[in-house]
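Structure record follows, encoded as structure tokens.
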């Protein structure tokens, strides 16, 4: 069975602080894909990053970075020098389904990040 | 380029009423999906489609039906709405398989009283 756990329900930080959002996943597949999505207060879902199970390189995009560790089944997301505009709910997701089928995702329950001045 | 468009944005139904949610995408994506989002539960897959004329069940299909008569449209129907179907519904589409990211619409907030 596929499962994604985001244990942090809500995090509050002051602007310019660094913050890490945790994501732990469970899967029996050897090939799988992980995603992060952002849902700002306006409600839409914005794709941030994807990572396949064969690529454990960490990735940095501006103030965002992702740490993928197969040994601990984790795919954590760090925001450096947080800003008020980062306030949102962040979802981690795991693709399930056989190779060659639709990209169905199992989502975690989300982490609400509140960044204040 | 509109991406994925959902209509309506909001709807209130009474128990037992029916309605159809419309999803349209202009990216020529083969795959389309319907998810529901409930507090504390993340998003759960209701139904999906791998191409025009095809549909398949997701994790929580009961009480819903779907149709994909045209490649660009994916309809979600509620034949007899129940309060448990109060939720925010998201449509998504993707190019293909594997690591293709899903592109989401802005959601439809449905309340069933």
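Protein chains in written order, with this note's numbering: chain A, 416 to 532; chain B, 1294 to 1406.
Beta carbons are placed, not taken as given, at the ideal position from N, Cα and C, and that holds for glycine.
Computed from a predicted structure; not experimentally measured.
C-beta neighbour in chain B for residue i, strict 9 Å
| i | result |
| --- | --- |
| residue 510 of chain A | yes |
| residue 479 of chain A | no |
| residue 428 of chain A | no |
| residue 467 of chain A | yes |
| residue 442 of chain A | no |
Status (buried if at least 16 other CB within 10 Å, exposed otherwise) for residue i
| i | result |
| --- | --- |
| residue 1325 of chain B | buried |
| residue 1319 of chain B | exposed |
| residue 496 of chain A | exposed |
| residue 490 of chain A | buried |
| residue 469 of chain A | exposed |
| residue 1295 of chain B | exposed |
| residue 1400 of chain B | buried |
| residue 419 of chain A | buried |
| residue 454 of chain A | buried |
| residue 510 of chain A | buried |
| residue 529 of chain A | exposed |
| residue 1306 of chain B | buried |
| residue 525 of chain A | buried |
| residue 478 of chain A | exposed |
| residue 484 of chain A | exposed |
For residue i, the three-state DSSP class (helix, strand or coil)
| i | result |
| --- | --- |
| residue 1378 of chain B | helix |
| residue 1331 of chain B | strand |
| residue 499 of chain A | helix |
| residue 1364 of chain B | coil |
| residue 486 of chain A | helix |
| residue 1316 of chain B | strand |
| residue 1406 of chain B | coil |
| residue 416 of chain A | coil |
| residue 1296 of chain B | coil |
| residue 435 of chain A | strand |
| residue 1324 of chain B | strand |
| residue 442 of chain A | coil |
| residue 422 of chain A | coil |
| residue 448 of chain A | strand |
Interface flag, residue i vs chain A, CB-CB below 9 Å
| i | result |
| --- | --- |
| residue 1387 of chain B | yes |
| residue 1383 of chain B | yes |
| residue 1349 of chain B | yes |
| residue 1397 of chain B | yes |
| residue 1343 of chain B | yes |
| residue 1309 of chain B | no |
| residue 1357 of chain B | no |
| residue 1321 of chain B | no |
| residue 1377 of chain B | no |
Bridge partners - residue i, DSSP secondary structure assignment
| i | result |
| --- | --- |
| residue 1350 of chain B | B:1340 |
| residue 526 of chain A | A:505 |
| residue 454 of chain A | A:504 |
| residue 474 of chain A | A:481 |
| residue 1386 of chain B | B:1325, B:1396 |
Cβ of residue i within 9 Å of any chain E Cβ
| i | result |
| --- | --- |
| residue 436 of chain A | Of the protein chains in this structure, namely A and B, none is chain E. |
Original post:
If we count Cβ pairs, one from each stretch, closer than 8 Å, do we get three or more for the stretch 516 to 525 of chain A versus the stretch 1296 to 1312 of chain B?
Top reply: no
Original post:
Taking three-plus beta-carbon pairs below 8 Å as touching, is the stretch 434 to 452 of chain A in contact with the stretch 1365 to 1383 of chain B?
Top reply: no
Original post:
On the three-pair Cβ rule with 8 Å, is the stretch 1361 to 1378 of chain B touching the stretch 419 to 432 of chain A?
Top reply: no
Original post:
Are three or more beta carbon pairs between the stretch 420 to 428 of chain A and the stretch 1340 to 1347 of chain B nearer than 8 Å?
Top reply: no
Subject >> Three or more C-beta pairs below 8 Å linking the stretch 473 to 492 of chain A and the stretch 1360 to 1367 of chain B >> reply: no
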